[in-house]
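Chemist: If you count the sequence shown from 1, position 43 lands on 906 in the working numbering, and the numbers rise without skipping. Glycine is no exception: its CB is placed at the ideal position from the N, C-alpha and C atoms. One structure is given below, represented as structure tokens, and several questions about it will come after.
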Amino acid sequence: MAHDHGSHDHGLAGHSHGAGHVQGSTDKKRVLIATFLTAGFMVAEALGGWLTGSLALVADAGHMLADAIALGLAWYAFHLTGRPATRRLTYGFARVKTLVAYTNGIAIFVIALWIVYEAWGRLMNPAPVLGGPMLVVAVAGLLVNIASFFVLHGGDRESLNMRGAILHVLGDLLGSAAAIAAALIILATGWTPIDPILSVLVSLLILSTAWSLMRQAAHVLLEGVPASLDRDLIAKDIEGAVKGVREVHHMHVWSLDGTSNMATLHACLNDGVDAHAAVSAIKKRLAAEHGIEHATVEPEFGQCADSHDEHDHHHDHDHAHDAPRDRRHYH
């Protein structure tokens, strides 16, 4: 049977798109402000680290350099998202944000590993560190990072792109805090190994968070079912709540960018049921109860159009009680 697209709930979708556009515009401005704050202080911190001999400051400046680039990419991702879909990119550019989030996670991994490598060298060959100037630069860096964090914190935390940007700034904030702690210990005791040790601890904390971000972004890129949804339960809900639906199969649920959920499915209808009305009811149910605003529903009567032959079709139903639902119907 042909796909029925005539029943999209444009009221819900339009409202969601309008609210998402406003939120995206606000997030774009927040990321741009954070980019300028981070890039502006990065140069000062790099010079401070070089002059004082502090690896903690150099490491934090390295974080801020990568973060300035990553935040710039995040801003550009928001910029691209506003562009309309094209003949070649029919979904538009929304998924660019997820690609940037995944790239950000990789960048954090590389920087953190570099810091660990540098710290090992410092522990093997300790170098003098000027605690006083180091403390001044670290405090200034902390204030700048706190400002950037609060600018981003007010944005959409459901967006993987925003979460990636916040993660970068949070890493800088932790780096500044570690630099302050190292400077205070050096001033009080003169023990310089604390500088690379705290740098490594901060890197390990950031690595664990970066892994979580990369895993979630990869799940979206692989078009996995969003964590907040259960495909099989949604199928059962439609079968039980929408009149005339005998069975739902070939169902796929995914997210375009971590926030916009989508679905495709085959709805096997009872004889005599109005296909247009059933499809419309299914789409409204998906939007109202499950937050799936865009769905493509293929109504069917009798044999599934995608069955290879009649034997295969009957074989599936003959073993209805012998195999789990997801192995029988969902591909």
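Which one of Ala-909, Asp-930, Ala-931, Leu-928 has the shortest CA to CA distance from Val-921?
Modeler: Comparing Cα-Cα distances from Val-921 to each of Ala-909, Asp-930, Ala-931, Leu-928, the minimum goes to Ala-909.
Chemist: Report the rounded CA-to-CA distance for Ser-1066 versus Leu-918, giving the unit in angstroms.
Modeler: Roughly 12 Å between the two C-alpha positions.
Chemist: Assign Ser-1123 to one of two classes, buried (16 or more other C-beta atoms within 10 Å of its C-beta) or exposed (fewer than that).
Modeler: Buried.
Chemist: Does the distance from the CB of Pro-1162 to the CB of Ala-1144 come in under 8 Å?
Modeler: For Pro-1162 and Ala-1144, no; Cβs fall outside 8 Å.
Chemist: Quick check on DSSP: helix, strand or coil for Thr-949?
Modeler: Thr-949 falls in the coil class under three-state DSSP.
Chemist: Kindly indicate which three-state DSSP category Ala-1126 falls into: helix, strand or coil?
Modeler: Strand, per DSSP.
Chemist: Can you list, in chain order, the residues of its chain whose CB lies under 8 Å from that of Ala-1081, leaving out five sequence neighbours each side?
Modeler: So the list reads Tyr-965, once near-sequence residues are dropped.
Chemist: Can you grab the Cα-Cα spacing for the pair Gly-968 / Gly-1027, in whole Å?
Modeler: Distance between the alpha carbons of Gly-968 and Gly-1027 is about 7 Å.
Chemist: Whose C-alpha, out of Val-1136, Ala-1150, Asp-1134, is nearest the C-alpha of Thr-1127?
Modeler: Cα-wise, what sits closest to Thr-1127 is Ala-1150.
Chemist: Does DSSP classify Val-1105 as helix, strand or coil?
Modeler: The answer is coil: DSSP assigns Val-1105 none of H, G, I, E or B.
Chemist: Over what stretch of residues does the alpha helix (DSSP H) that includes Ala-1158 continue unbroken?
Modeler: Not the alpha helix (DSSP H): Ala-1158 falls in the beta strand (DSSP E), residues 1155-1163.
Chemist: Of the choices Val-1002, Ile-971, Cys-1131, whose alpha-carbon is the least far from that of Thr-1072?
Modeler: When each option's Cα is compared against that of Thr-1072, the closest is Ile-971.
Chemist: Who are the Cβ neighbours of Gly-1154 in its own chain at under 6 Å, not counting the five residues just before and after it?
Modeler: So the qualifying residues of the chain are Asn-1124.
Chemist: Have a look at Lys-1147 and His-1031 and give me their C-alpha separation to the nearest angstrom.
Modeler: In a straight line, the C-alpha of Lys-1147 is about 39 Å away from that of His-1031.
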